[in-house]
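Colleague: Quick one: this structure, given as structure tokens, is what I'll be asking you about.
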Amino acid sequence: MSLAISEQTSPLWQSGPKPEVLPVLEEDHSCDVCVVGLGGSGLATLKKLCEGGLSVIGIDAGRIAGKAAGANGGFLLAGMARFYHQARQTIGAEKARLIYQSTIEEIERMCGETPEAIRLTGSLRIATSPEEAADCQAQLEAMREDRLPVSPYFGPEGEGLLFPTDGSFNPWLRCRLLTGQVIALGANLYENTPALTVAPGKVVTPAGTVRCREVVVAVDGGLEVLMPALKGRVRTARLQMLATAPAPEVDFPRPVYARYGLEYWQQLPDGRIALGGFRDKGGDGEWGNLSQPSPQIQAMLDKFLRETLGVEAPVTHRWAAPVGFTENGLPVMEALEKGLWVMGGYCGTGNVIGAICGRTIAGLILDAFHSS
Ligand SMILES: Cc1cc2nc3c(=O)[nH]c(=O)nc-3n(C[C@H](O)[C@H](O)[C@H](O)COP(=O)(O)OP(=O)(O)OC[C@H]3O[C@@H](n4cnc5c(N)ncnc54)[C@H](O)[C@@H]3O)c2cc1C
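Going by this note's numbering, the sequence shown opens with residue 3, and the numbers climb by one from there.
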């Protein structure tokens, strides 16, 4: 696609100096656990493993947080991809409530861990049709029944629901801060080191093999490419965003999502807008392990920015990254075989649940190590 000269195809979050590139893995190594994929989920896994005293190696095919983890909308939302009342139908009320509660607690924990990157702003779900307003009402009733924090919202953004415990963050900055923390705890991290094959106890890369007791694959978009056993369960699609220069003509104090979460935007403290959406309008072209923005979706984002949000500020960034989807809206988090863990498929909402999955797997691994 052709860009205005001043527009960049990197995420807004990654503006500013680039951190030093970490080494490529160049010889054979051994450790307790090898984590493949250094986004927010992989880094959360590594941190807990290090704190538990295990020796760990983490590798990424590109830069740390170079995919969705450093390129997303920056929403920290409680719950999972499906709205609460739908999650209750899929997994039952008790499980849905426990998971929702644990995501609220995870947001608080993340905030304590990297306060520089996170703002606890709350978030808004805005209805764009009478059907969606009825869906918001169903969500409100289900959440109130289970005593979860939510209130009806009427304001300049529209009508819908306010979730007071949600937050917004710079996802890339958080990953960079976590990287520093896990290195300080003793993790050995390698960039530009793709896993060519992954098997229990063995990760093969172009210039070296890691032998270990446990392997954790923490890849959201493209999980089914690296782990073909998951083909048919995880399918990767591209999500696209743009960002603008400071836009003093509008005021969005908290992140907003609308049209069942398909469009989402937030305004940063300096006034810049980050806006994403319209994945469903791109047809088959949006499916695949794709990382480049497309003219078709970007034009829709432009129109929405100008006509619906009323933003006049120029666009400065356009970007895209892949995420994994599952049929039932639930993430994948399991041992594919003994000693080989996989997680991903967060259906576009992996910032909080991905960290929970990573920390859960790390906890199971630590239990196994300490009981053997
Ligand atoms: C535009 C956009 C907006 C989004 N908005 C939100 C939001 O507001 N809130 C929210 O909760 N979620 C959002 N998401 C989803 C969220 O970003 C992801 O679910 C989450 O970041 C996934 O993080 P991860 O660490 O699990 O995986 P990833 O970010 O996919 O990281 C996996 C890493 O694995 C590496 N890798 C891949 N293959 C290999 C290999 N063979 N060998 C070694 N390394 C490999 C990749 O390079 C990558 O760095 C959004 C996503 C996008 C793209």
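All C-beta atoms in this analysis are idealised placements derived from N, C-alpha and C, irrespective of residue type, glycine included.
In three-state DSSP terms, what is Ile128?
Modeller: In this structure, Ile128 counts as strand in the three-state DSSP scheme.
Colleague: One question on the structure: do Val217 and Gly341 come within less than 8 Å of each other, judged by their Cβ atoms?
Modeller: yes
Colleague: Would DSSP call Val221 helix, strand or coil?
Modeller: coil
Colleague: Can you tell me whether Tyr102 sits near ligand 1, meaning its C-beta is under 7 Å from at least one heavy atom of the ligand?
Modeller: no
Colleague: Over what stretch of residues does the alpha helix (DSSP H) that includes Cys359 continue unbroken?
Modeller: Residues Gly352 to Ser373.
Colleague: Kindly identify the DSSP beta-bridge partner or partners of Val87.
Modeller: Note that residue 87 is His in the sequence shown here, rather than Val. Here His87 is not bridged, per DSSP, to any residue.
Colleague: Pull up the distance between the alpha-carbon of Leu164 and that of Glu288, whole angstroms please.
Modeller: Approximately 30 Å between the Cα atoms of the pair.
Colleague: Go ahead and label Thr11 buried or exposed: buried means 16 or more other beta carbons lie within 10 angstroms of its beta carbon, across all protein chains shown.
Modeller: exposed
Colleague: So which of Pro25, Arg320 and Leu180 has the shortest CA-CA distance to Gln298?
Modeller: Arg320
Colleague: Near Leu198, which residues of its chain fall below 7 Å by C-beta distance, leaving aside the five closest residues on each side in sequence?
Modeller: Val206, Thr207 and Pro208
Colleague: In chain order, what residues of the same chain lie with their CB nearer than 8 Å to the CB of Ser43, ignoring the 5 residues before and after it?
Modeller: Ala71, Ala220, Asp222, Met345, Gly346, Gly352, Gly356, Ala357, Cys359 and Gly360
Colleague: Taking Cys33 as the reference, which of Thr211, Leu100 and Ile128 has the closest Cα?
Modeller: Thr211
Colleague: So Ala189 and Val58 are in contact, right, with Cβ under 8 Å, and what is the actual spacing, rounded?
Modeller: Going by Cβ atoms, the distance from Ala189 to Val58 rounds to 5 Å, so yes, they are a contact pair.
Colleague: Kindly list the residues whose CB is nearer than 6 Å to the CB of Leu307, restricted to its own chain and excluding five residues on each side of it in sequence; keep chain order.
Modeller: Leu277 and Val313
Colleague: Quick one, are the C-beta atoms of Arg281 and Thr130 less than 8 Å apart?
Modeller: Contact: no.
Colleague: Check this for me: beta carbons of Leu244 and Leu303, under 8 Å apart or not?
Modeller: Result yes, Cβ atoms of Leu244 and Leu303 sit closer than 8 Å.
Colleague: For the beta strand (DSSP E) that Gly157 lies in, which residues bound it at each end?
Modeller: Taken as a continuous stretch (DSSP letters only), the beta strand (DSSP E) holding Gly157 covers Ser153 to Gly157.
Colleague: Trp15 and Trp174 - do their beta-carbons sit closer together than 8 Å?
Modeller: yes
Colleague: Around the Cβ of Leu100, are there at least 16 other Cβ atoms within 10 angstroms (buried) or fewer (exposed)?
Modeller: exposed
Colleague: Applying the criterion that 16 or more other CB atoms from any shown protein chain within 10 Å of the CB defines a buried residue, is Gly350 buried or exposed?
Modeller: Counting the other CB atoms within 10 Å of its CB gives Gly350 a total of 16 or more, which places it among the buried residues.
Colleague: Helix, strand or coil for Leu122, going by three-state DSSP, please let me know.
Modeller: coil
Colleague: Considering Cα atoms alone, identify which of Thr167, Arg256, Met82 and Pro151 is closest to Ile275.
Modeller: Closest in alpha carbon position to Ile275, among Thr167, Arg256, Met82 and Pro151, is Arg256.
Colleague: Measuring straight from C-alpha to C-alpha, what distance separates Arg237 and Thr47?
Modeller: 23 Å
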